[in-house]
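J.: Structure incoming, see below.
Chains as they are written, first to last, in the numbering used here: chain A, 1 to 272; chain B, 1 to 340.
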């Protein structure tokens, strides 16, 4: 056996492999198969013990007299400052969605990055797949993109740099981008790019929404719904367009706008 | 039983071969080699493992003006191998339509060791560095979305991205990762100084004296072996600032007028000097430090009295600085513009 020589490479490999046990070969096969698979997209584990959760974000504008759905290219009057807003762009990031179970443990949505764009209408639906069945009491989410993804190089999907939501000159995602026109602005336009993922003036914040005395029931092969309402007008409660119409740096004013923007969101409803 | 065994072996081989086809499982034998006297690099090619096909793709992109609005400006237009990957000795570089930038194009060697990029350190990762010059209206004036449209329209680039990243569609992530594969391989570590550090050559008496003077007077900021400590400092160029530098990034007045300490590797060839290219000779730079420091609230504390140097000491320091010129870098065919 030691001195055996074969002419073809395949024959040589065959002979060598035949000396080993079939078990070892199965193992080798599995190893190669595994190393190939690593390059592919992770497959979703679908089992009957999981359902889906739709997080509905309804964007509204509250004026003195009415609550309206927030749409681009429509006029809205601010209830506090009396400024008129007409949005041409409204986009923002939410990330790292989590659901809290009745027993206090958390289910963490993997690779959880969403770019909300009001070009698509006043309501945005975020679908969370493969949520384990059970009862949930809280939703947690992060406004903006966590610091890790701001310091880890080129990303993909919602975090691709093609969405116009990334600062080229001062690395980091634009967490919230609101642009439009207003007669109250000295330039007749406004642009607020809220960014910064670290430090005292960061625009990133993690917020918890408790479902009060309600319970989100996730059942097999079924989609349950969590509804949040966002009062977009809250963002400008403390700022007049005649004073500030363009903020594209990280400072105390951008931080204030970010906090007021986050503060406009509240828990609204569940559909089981 | 034996037949089954053979089949399994064949299946294993087939999978091995099918993996190889993607060009992704076998790293190239070459890659970033860390010089013995260098620290560990910052960029470790996480999620962007080094392969020859990726490097070559990045090199094609670096030299291709397709990245600019009107296909006239490439990365190499302002970062030329013949000038140690700095611009061709102008204070400001020309962008699309001949517009001039506002800061001097720096030499971009040894980027794998950089914790931040740009004169003001605004960019935090090599993979998101290129988006700035590509989209800057004074430079390449292009959008990333349009670059991707142009690249995806070319069969040759589609093939190269498929070979390098197994990507059927060219995305911005792969574009920036490919550029990083090339840029991180621009390593300057073959100067006379490096050979001296490796014990392969000796410095002349004048160069030795220059090194000792350099270590006493300059090395606290221009730290060996990369010849920068990557901090941001106001080196006393102006009493008032037209460019806030680091202060623009941090929005902190204490950072106004500060710029990144530049590496001095290849400094003989990368004139003019300073963030605005105001000095054309190393003698002018020496004179600035010895007698030209302007006071301001953020002026570096170490320069309160300037850096006292005699005329002879300045000449010796310059003599030493010329040992940092890396002729091998400028002649390296691996980094040169590819001929297709």
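The beta carbon of each residue, even a glycine, is placed where N, CA and C say it ideally should be.
1. Apply the 10 Å Cβ neighbour rule to residue 155 of chain A and answer buried if 16 or more other Cβ atoms are within range, or exposed otherwise.
2. Tell me the DSSP secondary structure of residue 255 of chain B in three-state form.
3. Could you check the C-alpha separation between residue 310 of chain B and residue 234 of chain B for me, to the nearest Å?
4. Tell me the rounded alpha-carbon separation between residue 209 of chain A and residue 91 of chain A.
5. For residue 176 of chain B, return the contacting residues in chain A, with the cut-off set at a CB-CB distance below 8 Å.
6. Taking buried to mean at least 16 other C-beta atoms within 10 Å of its own C-beta, is residue 243 of chain A buried or exposed?
7. Measuring straight from C-alpha to C-alpha, what distance separates residue 307 of chain B and residue 202 of chain B?
8. For a contact defined as C-beta to C-beta under 9 Å, what are the partners of residue 251 of chain A on chain B?
9. From A:252, A:55, A:50 and A:51, pick the residue whose C-alpha is nearest to that of residue 211 of chain A; which is it?
10. Can you give me the start and stop residues for the alpha helix (DSSP H) that residue 206 of chain B sits inside?
11. Could you tell me which chain B residues have their CB closer than 7 Å to the CB of residue 274 of chain A, listed as they occur along the chain?
12. So, is the C-beta of residue 3 of chain B closer than 8 Å to a C-beta in chain A?
13. By the DSSP assignment, the beta strand (DSSP E) with residue 210 of chain A in it spans what residues?
14. For residue 67 of chain A, does the count of other Cβ atoms within 10 angstroms reach 16, so buried, or fall short, so exposed?
15. Under the rule that 16 or more other beta-carbon atoms within 10 Å means buried, what is residue 233 of chain A, buried or exposed?
16. What three-state label does DSSP hand residue 113 of chain B in the structure shown?
17. For residue 153 of chain B, which three-state DSSP category applies?
18. Can you find a C-beta in chain A that's less than 8 Å from the C-beta of residue 335 of chain B?
19. Does residue 362 of chain B get closer than 8 Å to chain A when you measure Cβ to Cβ?
20. Under 8 Å, Cβ to Cβ, is there at least one residue of chain A near residue 135 of chain B?
21. Check whether the segment 144-159 of chain A and the segment 104-120 of chain B touch, using three or more Cβ-Cβ pairs below 8 Å as the test.
22. Give, in chain order, every residue of the segment 160-186 of chain B whose Cβ lies closer than 7 Å to some Cβ of chain A.
23. What three-state label does DSSP hand residue 309 of chain B in the structure shown?
24. Going along the chain, which residues of the segment 34-63 of chain B sit with their C-beta nearer than 7 Å to a C-beta in chain A?
25. DSSP three-state label for residue 63 of chain B, please.
26. Can you give me the start and stop residues for the beta strand (DSSP E) that residue 135 of chain A sits inside?
27. Can you give the Cα-Cα distance for residue 147 of chain B and residue 121 of chain A, rounded to whole angstroms?
28. When we look at the beta-carbon of residue 68 of chain B and count the other beta-carbons within 10 Å, is it buried (16 or more) or exposed?
29. Nearest chain A C-beta to residue 148 of chain B closer than 8 Å, yes or no?
30. Which runs of the beta strand (DSSP E) spanning at least 3 residues fall entirely within the segment 99-179 of chain A, listed in chain order?
31. Which residue comes first and which comes last in the alpha helix (DSSP H) that contains residue 172 of chain B?
32. Going by C-alpha distance, which of A:139, A:145 and A:187 is nearest residue 107 of chain A?
33. What does DSSP give as the partner residues of residue 86 of chain B in its beta bridges?
34. What does the alpha-carbon distance come out to for the pair residue 64 of chain A and residue 143 of chain A?
35. Give me whichever residues DSSP pairs with residue 126 of chain B in a beta bridge.
36. Residue 96 of chain B versus chain A: which residues are under 9 Å apart at the beta carbon?
T.: Let me lay it out:
1. With 16 or more other Cβ atoms within 10 Å, it is buried.
2. helix
3. 23 Å
4. In a straight line, the C-alpha of residue 209 of chain A is about 21 Å away from that of residue 91 of chain A.
5. Within chain A, the residues placing a beta-carbon under 8 Å from that of residue 176 of chain B are 153, 154 and 161, ordered along the chain.
6. exposed
7. 27 Å
8. 251
9. A:55
10. That run of the alpha helix (DSSP H) goes 205-217.
11. Past the edges of chain A, shown from 1 to 272, lies residue 274 of chain A, and the structure says nothing about it.
12. Only weak support is given to the placement of residue 3 of chain B: the predicted model assigns it a pLDDT of 48, under 50, and the question is left unresolved by the model.
13. 205-210
14. Sixteen is the threshold: since fewer than 16 other Cβ atoms of the shown chains lie within 10 Å of the Cβ of residue 67 of chain A, the residue is exposed.
15. buried
16. Assigned with DSSP and collapsed to three states, residue 113 of chain B falls in helix.
17. coil
18. The beta-carbon of residue 335 of chain B is placed no less than 8 Å from the nearest beta-carbon of chain A.
19. Nothing about residue 362 of chain B can be reported from this structure: the residues present for chain B run from 1 to 340 only.
20. yes
21. no
22. 166, 171, 172, 173, 176 and 177
23. Coil.
24. none
25. coil
26. 134-143
27. If I take the Cα positions, the gap works out to 29 Å.
28. Of the residues assessed, residue 68 of chain B falls on the buried side of the cut-off, its CB having 16 or more other CB atoms within 10 angstroms.
29. Interface residue, yes.
30. 106-108, 113-117, 123-132 and 134-143
31. 172-183
32. A:139
33. Residue 86 of chain B pairs with B:80.
34. 27 Å
35. Partner(s): none; residue 126 of chain B has no beta bridge.
36. Ordered by position in chain A, no residue passes the 9 Å Cβ test against residue 96 of chain B, which lies about 16 Å from the chain.
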